[in-house]
Amino acid sequence: MKYKHLALAISTLTANAYALEGSVVNSEGDPIADAIIEFEGSRDTVVVSQQGTFLFDEKGVSEIHVTAPGYSHKVIHLDELNPNETLVISLSRSVIEQIDVIGIPIHASVIESAQPISVLSGDELRNRQAATLGDSLENEVGVHSNFHGNVASTPIIRGLSGPRVQITQNSLDVSDVSRVGPDHAVASEVSTAEQVEVLRGPATLFFGSGAIGGVVNVVDKRVPKDADTYGEWYVSHETVNSQNLGSVNLNTGAENVAFHLDGFWRESDDYEVPVAPEQDHEEEEHDEDKFTVGNSGDESHGFTLGSSYLLDNGYVGVSFGRLDREYGIPGHSHGGHEHEADEESVYADLEQDRVQLISELDLDNPWLSAINTRVGYTDYTHAEIEEGVAGTIFSNKTTEAKLDLMHQPFNEWKGGLVFHYKNSDASAVGEEAFTPPSDSETFALALVEERHLGDFLVQLGARIERVTINADKVLLPQLEAHSHDGDDEEHDHEHEEESTFTRVFQSEQEFTPVSLSAGVVWDFTPGYNVALSFTHAERAPSDSELLSFGSHIGTRSFEIGALFDLHEEGSEAHFELNENPIELETSNNIDLTFRKHEGNFGLILNAFLNQVDNYYYQAATGLYAESSHSHEHDHDDEETVDEDIHADELPIYLFTSADAELYGFEAQGIWQITPNLKSTVFSDYVHTELKDTGAYLPRTPPLRYGARFDYQWNSVTANLSWSHYEDQNKVAALETPTLGYDWIDAVVTWNLPVGSSELALFVKAENITDTEARIHTSFLKDIAPKPGRNFSIGIRGSF
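This is the structure:
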């Protein structure tokens, strides 16, 4: 990483009345070369010399942050120093990688935040990257994936996902339809990212009410911040699905103009699994054959062009990105042996154009210290193609703008105002359009503040929003819902193929969510701290949670939104408009964190309690409806007809609300056993239930624990990891339990310096034991287990 030098050569800097000089050393007194000194409230940095010394102009600077790889961060308050003494900054070694978060306006890192944070970057990010964002993050503590046949997955944070977990690109919404259905891929690419940030727990202050469960922010350099020339490239091949991947990142520039280019290409076939994909498949003796999950291939590519104009006090830049992806949709076809053909060729054709303007400017102003601006426009289209015809087309056009006005320190408080606007015009047209077109608009104002009080860091925040959801043509179909209580013969399937509507109407919903946050970090002794945070967060239900009424083949269900209500009279059941007001979902979350971050042993323990009022979830009604997705069946005999009598029926799930409780923990311990060997143990758990009935929420991740060993010998690095997933028997109504499993991975990397560049050859083995692994959080767990044993080989380089 390149840094802007305030002092290109310390020996040539002329001292003045505000000059501060000193050195950075370790606990043994040895100099730490290339440590970084950051100025609070500014993007300027100083790189410490090879002798560990520094000299800079301290005018207007009240607080500095000192960082170095392998050491704990240190915060220095300059107003507490003796101006007549040379400053000696001593850093203690740390086995916890401490990376700053880029996506929020205040300073935060893994150990310097009241809220639990994880950051994945560098070699660790490259080793974990997968074709989908959820699968790339599934080994992060507290994060799981709703694995959808290796082609689509979104992150699950502490048991929450979908519209409760915001997914952003450089702090702006990715603006796809991944939160509408699990079969919709996230329109963000990890292979070209600089880092991925995970904010566990409510992050509504910075990202809006859609972040009531957490945030995943993918950070890249599409808008460059400097004109230095550097980059990286990556090439790999995988065996389990014959995947080939190539990616490149390049930054360069001249004088005040910087340029960025990145791109990737990925292609894969259906992936292999160790058992028959369908759980109820009666296995036969086919030792010579391999099982595959049908319709799980992928072909995708994309690029980004960006440029910035660099100023003395910051930069202003724009970028354009294009993403194209075609991927199969498992669930529309049946997996089997290699030689079997798919019953249907169903795939998604995803296209996204994204324009971003990003500006960060430091100010020499009595009131403002900085202005940060982020503006984005996204045009997203997602067509589901069956037999060459687009059955359903999803689109989402989003305009979003964020403005951070950071004020000068006031009575030692640092922070500012955040203005946020977002408009999304979403529509779905076609056979499986279960949600009507809608327009969602958000205006928000937030205030974030923090202050150091001795050994305490206090963080406060508040946010108010106005959210409107308008839909002109909401449909209330004539639906003949029925149960399977022995009346199969009397049920008229032909009648339900008729499409009639009892009502077409306009819906206008307006909400005013309010969020409040307070947190404190106490450095009670060197190398240790505890953090306590409380967040009150409110969320407006999404358009799909309100307006849905139709077949959702991706989840194999008939979804009906909270705007409707079920009425049952004797043996008859039908749906009408819900006459009750639509309430805000309200979360009261408490986080307690303990950290030991210095020395050869590090420890991070998080415990959380989340009380959610009016929690919106899909309740199983026990009723069924005809799927709008028609199929032609050839039946040879009456017995086959009897078996397929319900083949085109889907269970009806109704979005309803009830008070819920979620609590659990995340734990991670890291021990540097020898200079070459490091071990990590971890565990996470979440318990979810409805408070009134005690019923469990659906698709809750099971208890997980595991260990990892990292060994380095000269230029060779080896990693071995093991994760154990417990059985999940705490299931919702009509949900089936899921057996646990053990998962073992290994990576060996050989680093080769070539001139000023670095090459890394790697071999990776995943699911070494070739175990059957079915994901409880997946809608396709019964037909699409995780991939079998996989070997990857590749090379990556940086310059």
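Per the working numbering, the very first residue in the sequence shown carries number 305; after that it's consecutive. Glycine included, every Cβ here is placed at the ideal spot set by N, Cα and C. Remember, it's a predicted structure, so these values are computed and weren't measured experimentally.
{"Query": "Reduced DSSP category for threonine 685 - H, G, I as helix; E, B as strand; rest coil", "Result": "strand"}
{"Query": "Straight-line Cα distance separating asparagine 388 from tryptophan 826", "Result": "30 Å"}
{"Query": "Beta strand (DSSP E) segment containing glycine 1101, residue limits", "Result": "1094 to 1102"}
{"Query": "Exposed unless 16 or more other CB atoms sit within 10 angstroms - verdict on tryptophan 671", "Result": "exposed"}
{"Query": "Glycine 1010 vs tyrosine 538 beta-carbon contact at 9 Å", "Result": "no"}
{"Query": "Inter-residue spacing [alpha-carbon to alpha-carbon] between aspartate 616 and valine 350", "Result": "15 Å"}
{"Query": "Counted within 10 angstroms of its Cβ, other Cβ atoms place alanine 652 as buried (16 or more) or exposed", "Result": "buried"}
{"Query": "Selection from Ser1082, Thr1081, Lys1068, Asn1094 that minimises the alpha carbon distance to serine 428", "Result": "One detail in the question is off: residue 428 reads as glutamate in this sequence, not serine. For the residues Ser1082, Thr1081, Lys1068, Asn1094, the minimum Cα distance to glutamate 428 belongs to Lys1068."}
{"Query": "Beta-carbon proximity check, tyrosine 1029 vs alanine 1088, cutoff 9 Å", "Result": "no"}
{"Query": "Element boundaries [beta strand (DSSP E), containing asparagine 774]", "Result": "760 to 781"}
{"Query": "Check whether serine 278 and serine 819 have beta carbons under 9 Å apart", "Result": "Shown here, the chain extends from 305 to 1103; a query on residue 278 therefore has no answer."}
{"Query": "Neighbourhood of isoleucine 977 by C-beta distance below 7 Å, restricted to the same chain and skipping five residues each side", "Result": "Ser983"}
{"Query": "Euclidean distance between Cα positions of proline 1006 and tyrosine 989", "Result": "7 Å"}
{"Query": "Pairwise C-alpha distance: alanine 562 and serine 612", "Result": "5 Å"}
{"Query": "Cβ separation of valine 447 and proline 459, assumed to be a contact under 8 Å, to the nearest whole Å", "Result": "5 Å"}
{"Query": "Closest by C-alpha distance to threonine 696, when choosing among Ile857, Phe510, Phe1013", "Result": "Ile857"}
{"Query": "Arginine 1100 vs arginine 430 beta-carbon contact at 9 Å", "Result": "yes"}
{"Query": "Pick from Gly734, Asp1086, Phe568 that is closest to glutamate 690, judged by C-alpha positions", "Result": "Gly734"}
{"Query": "Inter-residue Cα distance where the pair is alanine 705 and aspartate 1014", "Result": "42 Å"}
{"Query": "Residue from Val379, Leu509, Gly438 whose Cα sits closest to the Cα of serine 821", "Result": "Leu509"}
{"Query": "Reduced DSSP category for threonine 960 - H, G, I as helix; E, B as strand; rest coil", "Result": "strand"}
{"Query": "Cα-Cα separation, glutamate 849 to arginine 658", "Result": "26 Å"}
{"Query": "Asparagine 918: first and last residue of the uninterrupted beta strand (DSSP E) it sits in", "Result": "905 to 930"}
{"Query": "Run of the beta strand (DSSP E) containing serine 1061, from where it starts to where it stops", "Result": "1061 to 1070"}
{"Query": "Paired residues, beta bridge with alanine 1011 - DSSP", "Result": "Val985, Trp1026"}
{"Query": "Coarse secondary structure for serine 848, derived from DSSP in three states", "Result": "helix"}
{"Query": "Rounded C-alpha distance that separates glycine 606 from phenylalanine 360", "Result": "42 Å"}
{"Query": "Where proline 420 sits in the DSSP three-state scheme", "Result": "coil"}
{"Query": "Anticipated Cβ contact below 8 Å, leucine 836 with alanine 418, distance rounded", "Result": "7 Å"}
{"Query": "CB-CB length for glycine 453 against leucine 1084, believed under 8 Å", "Result": "5 Å"}
{"Query": "Exposure label - valine 693; buried when at least 16 CB within 10 Å", "Result": "exposed"}
{"Query": "C-alpha distance - aspartate 895 paired with valine 519, whole-angstrom precision", "Result": "16 Å"}
{"Query": "DSSP beta-bridge partners of glycine 485", "Result": "In DSSP, glycine 485 forms no bridge with anything."}
{"Query": "Proximity below 9 Å, CB of isoleucine 1143 to CB of serine 846", "Result": "Residue 1143 is absent from the model: the chain starts at 305 and stops at 1103."}
{"Query": "Meets three-Cβ-pair contact criterion under 8 Å: the segment 663 to 670 and the segment 459 to 469", "Result": "no"}
{"Query": "Endpoints, alpha helix (DSSP H) assigned at phenylalanine 451", "Result": "Element bounds for phenylalanine 451: n/a, residue is neither H nor E."}
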